[in-house]
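A quick write-up on the structure given underneath.
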Amino acid sequence: MANLGVKVDGLVLPNPFIIGSGPPGTNANVIAKAFDEGWGGVVAKTVCLDASKIVNVTPRYARMRASEHKEIIGWENIELISDRPLETWLDEFRELKRRYPDHVLIASVMEEYRRDAWVEIVERCAETGVDGFELNFSCPHGLPERRMGSAMGQDPAILEEVCGWVRGVTDKPVWAKLTPNIMHIEEPARAALGGGATGISAINTILSIMGVNLDTLRPEPTVAGYSTPGGYSGKAIRPIALRMVMECARLIRAEFPGRSLSGLGGVETGGDAAQFLLLGANTVQVCTGVMIHGYSLIHRLRRELSAFMDTHGFTSVDEFRGYSLKYLSTHADLVDRQAAAKAQSRRDHGILQDGHWIGDELVTQSEKLVANR
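Convert by adding 116 to the 1-based position in the sequence shown; the result is the number in this note's numbering.
Here you go:
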């Protein structure tokens, strides 16, 4: 029987599935629902010191479907971080830890580029008993003009400095959530880990424009006739997320052994999750998938991941975590491997013509007879 339990940065989770920061973790009621359903942990919606500056608009979502009225394959949002007062969140964090002392609750925090602001929000959240922190360096819209979110995540020097500020005031796990809106994710990952982050979360949403309405000629989602680029999520971004998780995993193995990696981006099935784990993730976060399928999605995720493990004879997640990394190489190496495989095939088939070994697929049956005389 497969054991789905994982231990990450000292945190013990019954399974590797974590609710990702966003609408599914927008208040204590829905976080409690996630715990009751059996999620391994929850990263709450991102909080800041002064929520009065956070003003959302409506509508703030747009969806891409496989065909009209069919399956959602992509989801864009222009939603900001939490607009609820920090004091409210602190009360709810305390209540959640009182009711669910053994469940993992991660506070997601974001602030401007000021040491005193980051220190204050981390210290105040830590006092509530939360189990760790995720530093939001990755929100692609709405706050970059205040040097928050992805504006920080795209600047490795700032990212390293902020991670150092946070690490200096807490001994709880600290995960840096990275933006995919960058050429090489290894650079900010290295900076965050170098600054003291105990782990990486990757990836957040991809900056996008969902489309233009051909009747109104307005980009979507449209607010009072206008729009703005937003964050793209859902199963359509999974291939990009897998590539970036792989790059972070390689970096961690080479330069920061023992640090953790939480993978996210388009997870809706146990098979999706298995791919992130095979590429080196310790845990798997789900956000848009919960918005589409509901909190009960966890039952399918656990069932399907367990079935995958049983099929391959794995009894724990650690047995296969990172297993597939060894099969990723460079194009030049693939050329050499293909040439070597073809040469070996020729030798194995024992076919010689004009003094050269050739493959079975290149000769006719009559030529084989001649070659083997």
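Glycine is no exception: its CB is placed at the ideal position from the N, C-alpha and C atoms.
For N131, I'd like the list of residues in its chain whose CB is within less than 6 Å of its CB, leaving aside the five on either flank, ordered along the chain. In chain order, L120, G156 and R418 place their CB closer than 6 Å to the CB of N131, counting only its own chain and leaving out the 5 sequence neighbours on each side.
Let me check one thing: in DSSP terms, what residues is R181 bridge-paired to? According to DSSP, residue pairing for R181 in a beta bridge involves I188.
Just list the residues that DSSP pairs A267 with in beta bridges. For A267, which the question treats as bridged, DSSP gives no partner whatsoever.
Give me, in chain order, the residues of the same chain whose beta-carbon lies closer than 6 Å to that of I319; leave out the 5 immediate sequence neighbours on both sides. Once the five neighbours on either side are set aside, the close Cβ partners of I319 are P296, A357, M360 and G381.
If you follow the alpha helix (DSSP H) that S461 is in, where does it begin and where does it stop? Its alpha helix (DSSP H) spans residues H447 to H465.
When the Cα of D388 is compared with those of T286, G350 and L129, which residue comes out closest? Distance from the Cα of D388 is smallest, within the candidate group T286, G350 and L129, for G350.
Residue ranges of each beta strand (DSSP E) run of no fewer than 3 residues wholly in the segment 312-361, ordered along the chain? Counting only runs of 3 or more, we get 315-318, 322-324 and 346-349.
Per DSSP, which one or two residues make a beta bridge with S224? Partner(s): E250.
Residues near L309 in its chain [Cβ-Cβ closer than 6 Å; skip 5 each side]: Excluding sequence neighbours, L309 sits near F372 and R375.
Just to confirm, are P304 and G269 a CB contact at a threshold of 7 Å? Result yes, Cβ atoms of P304 and G269 sit closer than 7 Å.
Between the C-alpha atoms of A390 and A340, what's the straight-line distance to the nearest angstrom? Near 42 Å, if we compare the C-alpha coordinates of A340 and A390.
With W571 as the anchor, note down where its alpha helix (DSSP H) starts and where it stops. Because the chain spans 117 through 489 in this model, residue 571 falls outside it and cannot be assessed.
Distance between M264 and E228 (C-alpha atoms, nearest Å): For E228 and M264, the distance between alpha carbons rounds to 5 Å.
Closest residue to E203 among P175, E243, E250 and I222 (Cα-Cα distance): Checked all of P175, E243, E250 and I222; the closest Cα to E203 is E243.
Close-in-space but distant-in-sequence residues of the same chain around N172 (CB under 8 Å, 5 per side omitted): E195, L196 and D199.
Taking buried to mean at least 16 other C-beta atoms within 10 Å of its own C-beta, is M362 buried or exposed? By the beta-carbon neighbour count (other beta carbons within 10 angstroms, threshold 16), M362 is buried.
Please say whether R181 and I188 have beta carbons closer to each other than 7 Å? For I188 and R181, yes; Cβs fall inside 7 Å.
Let's test the definition: count the other Cβ atoms within 10 Å of the Cβ of T404 and tell me whether it reaches 16, buried, or not, exposed. Looking at its Cβ environment, which holds 16 or more other Cβ atoms inside 10 Å, T404 is buried.
Helix, strand or coil: which one does DSSP assign to L165? Coil, per DSSP.
Restricting to Cα atoms, I'd like to know which of S412, V383, W281 and R437 is closest to G190. Comparing Cα-Cα distances from G190 to each of S412, V383, W281 and R437, the minimum goes to V383.
Give me the Cα-Cα distance between Y348 and V402, rounded to the nearest whole angstrom. Roughly 14 Å between the two C-alpha positions.
Rounded to whole angstroms, what is the Cα-Cα separation between K123 and L221? About 14 Å.
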